[in-house]
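Residue numbers (our numbering), protein chains in the order written: chain L, 466 to 644; chain Y, 120 to 244. The C-beta atom is built at its ideal place from N, Cα and C for all residues, glycine as well. One structure is given below, encoded as structure tokens.
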């Protein structure tokens with residue numbers, strides 16, 4: 466696909482929010498910038514035709530995540546600083562720059578965005594899901610069908626992770642129940 | 120059209136993926152506040168989500184809501200599989216963040232600070 470103004474604007478918004486999150490010294494400001502970043506991402510998922518991911522990102526990424534972060538600084542501390550932004554240390558910036566460059570060299574070998582001959586689109590797994598999901602499961606939304614039926618064990622594993630995380634939080638905070 | 124412009128116009132999402140993962144990595148290494156390190160981890164994660172969702176996209180494709188039988192007539196659909204993987208990854212990411220933040224609350228209760236350097240002094244490293 467070619468870059469439209471909407472996509473360019475949203476990508477720019479997301480990048481600026483990400484950068485703001487990194488550079489603001491104050492933790493609360495950083496959390497707010499991160500919430501805006503998540504919201505921008507959720508809108509970008511809609512453009513990339515991933516409505517299920519967009520809903521999850523908006524509810525969980527922008528909602529629950531911000532809430533958890535805010536609860537954490539409410540229970541701990543929000544240090545006050547003289548400086549408004551972080552000072553950038555060149556050594557770290559150099560290391561990260563090298564990482565970005567190495568990663569960036571792989572970009573030309575990736576297929577163009579939206580190309581119908583891209584490996585993910587052209588592969589028989591995708592074709593199988595598109596062709597057979599409705600007949601085999603009776604679910605119109607292929608994402609739901611794959612999540613709950615074809616990759617059901619994966620989702621069971623996910624539920625196990627969430628359960629284990631809940632237990633871990635209770636153990637770490639020394640609570641005996643969710644009350 | 121030069122090669123760089125071509126790259127920018129056809130693979131811009133991947134450029135954003137690289138830049139965002141750089142931002143996330145920088146936050147994890149450089150920010151001294153532990154809460155901001157966790158935020159950095161989440162920025163890095165989101166960059167990887169962007170990579171997966173972009174690979175699933177197809178030009179002119181519809182979301183994978185199959186009207187009847189799929190395949191014929193419906194036109195191109197985006198691939199459902201990467202989207203499913205990312206749905207799982209988002210939820211796992213939140214679980215990870217919750218545990219990390221609980222540990223941060225405990226660290227603050229024990230040591231009274233969330234600053235990396237101060238913690239290093241307190242624990243005597």
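Got a sec? Which residues, its chain only, sit under 7 Å from residue i by beta carbon, not counting five neighbours each side?
i, result
"residue 608(L)", "517"
"residue 549(L)", "490"
"residue 143(Y)", "159, 160, 162, 163, 166"
"residue 146(Y)", "155, 156, 158, 159, 162"
"residue 202(Y)", "172, 175"
Between residue i and the rest of its own chain, which residues show a CB-CB distance below 8 Å, the 5 nearest in sequence each way excluded?
i, result
"residue 197(Y)", "175, 176, 177, 180, 181, 182, 183"
"residue 167(Y)", "136, 140, 208"
"residue 596(L)", "none"
"residue 606(L)", "517"
Just to make sure I have the definition right: I need the residues of chain L whose C-beta is within less than 8 Å of the C-beta of residue i. Which are they?
i, result
"residue 130(Y)", "572, 573, 575, 577, 578"
"residue 148(Y)", "557, 560, 561"
Hey, is residue i's beta-carbon within less than 8 Å of any beta-carbon in chain Y?
i, result
"residue 499(L)", "yes"
"residue 623(L)", "yes"
"residue 644(L)", "A caution first: residue 644(L) carries a pLDDT of 49, below 50, which makes its placement in the model unreliable, though a value can still be read off. It does not: the Cβ of residue 644(L) has no partner Cβ on chain Y nearer than 8 Å."
"residue 522(L)", "yes"
"residue 627(L)", "yes"
"residue 470(L)", "no"
With distances taken from CA atoms, which of the options is nearest residue i?
i, options, result
"residue 614(L)", "568(L), 602(L), 544(L)", "602(L)"
"residue 638(L)", "168(Y), 148(Y), 222(Y)", "222(Y)"
"residue 170(Y)", "592(L), 624(L), 571(L), 542(L)", "571(L)"
"residue 119(Y)", "227(Y), 204(Y), 130(Y)", "The shown model of chain Y, from 120 to 244, leaves out residue 119(Y), and the question about it has no answer."
"residue 553(L)", "225(Y), 212(Y), 151(Y)", "151(Y)"
"residue 124(Y)", "605(L), 598(L), 577(L), 558(L)", "577(L)"
"residue 636(L)", "149(Y), 217(Y), 133(Y), 206(Y)", "217(Y)"
"residue 619(L)", "243(Y), 205(Y), 232(Y), 240(Y)", "205(Y)"
Does any C-beta atom of chain L lie closer than 8 Å to the C-beta of residue i?
i, result
"residue 155(Y)", "yes"
"residue 121(Y)", "no"
"residue 189(Y)", "Note on residue 189(Y): pLDDT 48, under 50, position unreliable in the model; no value is reported."
"residue 241(Y)", "no"
"residue 160(Y)", "no"
"residue 124(Y)", "no"
"residue 184(Y)", "yes"
"residue 265(Y)", "Outside the displayed span of chain Y (120 to 244) sits residue 265(Y), for which this structure offers no information."
"residue 298(Y)", "Examination of residue 298(Y) is not possible in this model, given that chain Y is present from 120 through 244 alone."
Who are the Cβ neighbours of residue i in its own chain at under 6 Å, not counting the five residues just before and after it?
i, result
"residue 189(Y)", "Note that residue 189(Y) has pLDDT 48, beneath the 50 cutoff, so the model's placement of it is unreliable and no number is given."
"residue 483(L)", "502"
"residue 128(Y)", "none"
"residue 519(L)", "507, 510, 511"
In the DSSP assignment, find the unbroken alpha helix (DSSP H) run with residue i in it and report its ends.
i, result
"residue 587(L)", "584-587"
"residue 196(Y)", "Segment: none, residue 196(Y) is in no alpha helix (DSSP H) and carries neither H nor E."
"residue 182(Y)", "Looking at the DSSP string, residue 182(Y) is not in any alpha helix (DSSP H), and its letter there is neither H nor E."
"residue 605(L)", "Here residue 605(L) belongs to no alpha helix (DSSP H), and DSSP marks it neither H nor E."
"residue 246(Y)", "This structure cannot speak to residue 246(Y), because chain Y is shown only from 120 to 244."
"residue 619(L)", "617-637"
Cβ-heavy atom distance between residue i and the ligand GTP below 7 Å?
i, result
"residue 177(Y)", "Absence of the ligand GTP from the depicted structure is noted, as is the absence of any ligand whatsoever, leaving it without description."
Under 7 Å Cβ-Cβ, which residues of chain L neighbour residue i?
i, result
"residue 176(Y)", "513, 514, 578, 579"
"residue 141(Y)", "561, 564, 565"
"residue 205(Y)", "518"
"residue 209(Y)", "521, 522, 525, 526"
Residue i versus chain L: which residues are under 9 Å apart at the beta carbon?
i, result
"residue 180(Y)", "514, 579, 581, 586"
"residue 167(Y)", "Under the 9 Å cutoff, chain L gives no residues; its nearest Cβ is about 11 Å from residue 167(Y)."
Who are the neighbours of residue i on chain Y, taking C-beta pairs under 9 Å?
i, result
"residue 542(L)", "227, 231, 232, 233"
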